[in-house]
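For the sequence shown, counting from 1, position 188 maps to 188 in UniProt numbering; every step adds exactly one.
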Amino acid sequence: MDLNLQLYLIILFVAVVVISQTILISASGTRANRNRLLKKQLEAIAESGKPQQQSLLRKSYLDNLGPTERWLENNAFGEYLSERLSLAGLNWKAYKVAIWLTITIFFAMFSVLFITQNLKMAVATPAIIIVAFIVFIQQQTEKRLHLFEEQFVEALDVMKRALLVGYPFTEVMKTVSEEMPPPISVEFGKTFVELNYGVDIKVALANLAQRNPSVSVLAFNSAVVIQKETGGNLAETLDKISAVIRSRFRLMRKVRTLSAEGRMSAWVLMMVPFVLFLMLYVSNPGYIAPLLESERGHTVLTVTAILMTLGLFWIRKLLRIEV
1 MDLNLQLYLI ILFVAVVVIS QTILISASGT RANRNRLLKK QLEAIAESGK PQQQSLLRKS
61 YLDNLGPTER WLENNAFGEY LSERLSLAGL NWKAYKVAIW LTITIFFAMF SVLFITQNLK
121 MAVATPAIII VAFIVFIQQQ TEKRLHLFEE QFVEALDVMK RALLVGYPFT EVMKTVSEEM
181 PPPISVEFGK TFVELNYGVD IKVALANLAQ RNPSVSVLAF NSAVVIQKET GGNLAETLDK
241 ISAVIRSRFR LMRKVRTLSA EGRMSAWVLM MVPFVLFLML YVSNPGYIAP LLESERGHTV
301 LTVTAILMTL GLFWIRKLLR IEV
């Protein structure tokens, strides 16, 4: 087998693994429907807020940049990438990430083209790098949101105790930002700053939920908004929300335990073709040669890749159990 074909197979293997990671453990995949519902409800919550208040932190961030940095950052792509990085808990400037990613793509393309002299592989390299970057961002987002939801239950207990001793709601947010570890302290600190600058409480809480899309946060927002409009014992309401969220976590852990076998089966089914191919190539290269060198073999590989992708989507659909 020549060097070009070996490199092609290595890149194909990396691409399939990265795509399967995106399919099986993607943060946006498991939360896509929930996030769409949250966005609709958050828009309804923040409907009465002033439009200029909703981007207070974003404006403050842009004001601290230089003219060139502000021009690079203040656009649709910059806002989208900045939101993704914020969800992942990465304090990176969006325009710097875009510049470094572009440099990496061009460097990798020219390196692959120089080493392999294969234009198709060079053209496929940017897609692999971009998918790998997306997977990294999604994994960081999933990790951060999972930690945030675990801390949120404790934050509700801290808020309940602060309310019982007579603290106003703004000071309750400050207490959480000072006593809790990141990332929840950072998020509640941002909400405290917005409230101090006079942002409407509906808008401030909607911004909190947009930065941390979670059903738990939405339940908290609804309880606070209803209490502010109709009155009632907010400390008691937070105590009940905390109990419900803890029950939900217990159910989530049980579901994850019961679906562990299915996830392991997905990984085994995904890796078996590559392991068998490697074993056959090592033991009898001539047996595999027609599959790699003939046009019919390339067609078989293409159809196999499509069927494997469809199978991964089907397994993911079976394993997606929303709690």
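Even for Gly, the Cβ is constructed at its ideal location relative to N, Cα and C.
Whether residue i touches residue j by CB criterion (8 Å)
i	j	result
Ala155	Phe188	yes
Ile129	Ile103	no
Ala219	Ile241	yes
Gln138	Gly89	no
Ala122	Val135	no
Val300	Leu291	yes
Ile245	Ser216	yes
Glu79	Lys93	no
Proximity to residue i [Cα-Cα], best of the options
i	options	result
Ala243	Phe192, Lys96, Thr116 and Val153	Val153
Met159	Asn196, Ala132, Leu238 and Gly231	Leu238
Asp200	Glu178, Ser216, Lys228 and Val217	Lys228
Lys202	Glu178, Phe169 and Thr175	Phe169
Phe192	Asn212, Glu171 and Arg248	Glu171
Lys317	Arg263, Ala124, Val123 and Tyr197	Arg263
Phe107	Lys93, Pro126, Lys96 and Lys120	Pro126
Leu195	Ser214, Glu178, Met173 and Glu179	Met173
Ile315	Arg253, His298, Ser294 and Ser265	Ser265
Glu179	Asp157, Val165 and Gly166	Asp157
Gln151	Val176, Arg161 and Val131	Val176
Asn75	Ala289, Tyr95 and Asn118	Tyr95
Integer Cβ distance of residue i from residue j, believed to fall under 8 Å
i	j	result
Asn221	Ala206	7 Å
Leu81	Ala98	6 Å
Asn212	Phe148	5 Å
Leu280	Tyr287	6 Å
Inter-stretch contact at 8 Å, needing at least 3 Cβ pairs: the stretch 144-151 / the stretch 177-196:
yes
Given 8 Å as the limit, is there contact between the stretch 304-318 and the stretch 264-280, that is, 3 or more CB pairs closer than that?
yes
Any 3 or more C-beta pairs closer than 8 Å across the stretch 248-260 and the stretch 295-307
no
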